[in-house]
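Q: By my numbering, the letter at position 89 of the sequence shown is numbered 1053, and the numbering carries on one by one without gaps.
Built from N, CA and C at the ideal position, the CB exists for glycine as well.
Computed from a predicted model, the values in this text were never measured in an experiment.
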Amino acid sequence: MSQEISLEKIVDSVVREVIKALQKEGVKVVLTPRNPTDSDPAGKNQNYPLRNKTENMDMSLYRTPVLTENRIQKLHPLTGEIIVPKGTVITPKARELIQSKQILVTYK
965 MSQEISLEKI VDSVVREVIK ALQKEGVKVV LTPRNPTDSD PAGKNQNYPL RNKTENMDMS
1025 LYRTPVLTEN RIQKLHPLTG EIIVPKGTVI TPKARELIQS KQILVTYK
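And the structure:
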C-alpha cells in the first residue's frame, strides 16, 4: 500500500516544525511582507506574509453563513485571502486563527 503526499505538504510541515522549535528557543520569526505586484495588483494585503492563494468560501448550503475554526484549519497553507458572502458570521476561534495566520477576509 503506497501513500502519496505533495511536496507542498512536506515543505509546509517542515517549516511549521522549524518555526515551532525556533519559537520555543525564543527566536522571533519575521515573515517577509508581500510584494503588491504579485497576485494582488491592488495591494490590499501587501502587509501580509508571502501568500498568493485566494480561496472563495462556498457557503451556499448555509441559511446564515458561518465561518468556523475548522474551515480555516483546512485552508491551503499559502492562502492569504478568503472571500466570504456578506453577512457571514465568523466564530471567535475562527477569527483568532485568521489573525494568527494573517489571512485577509473579503466580503463579497
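(1) In whole angstroms, give me the CA-to-CA distance for Ala-985 and Arg-1027.
(2) May I have the straight-line CA-CA distance separating Asp-976 from Leu-1025, to the nearest angstrom?
(3) Between which two residues does the alpha helix (DSSP H) carrying Val-991 extend?
(4) Val-1048 and Leu-1031 look like a contact to me (Cβ under 8 Å); what is the Cβ gap, rounded to whole Å?
(5) Would you mind working out which of Asp-1022, Gly-990, Val-994 sits nearest Tyr-1071, comparing C-alpha positions?
(6) Of the choices Ala-1058, Pro-1029, Lys-1057, whose alpha-carbon is the least far from that of Ser-1051?
A: So, from the listed chains and residues:
(1) Roughly 42 Å separates the two Cα atoms.
(2) Cα to Cα, the separation comes out at about 31 Å.
(3) Per DSSP, Val-991 belongs to no alpha helix (DSSP H) and is neither H nor E.
(4) The Cβ separation is near 6 Å, so the contact holds.
(5) Among Asp-1022, Gly-990, Val-994, the Cα nearest to that of Tyr-1071 is on Asp-1022.
(6) Residue 1051 is actually Gly in this sequence, not Ser. Of Ala-1058, Pro-1029, Lys-1057, the smallest CA-CA separation from Gly-1051 is found for Pro-1029.
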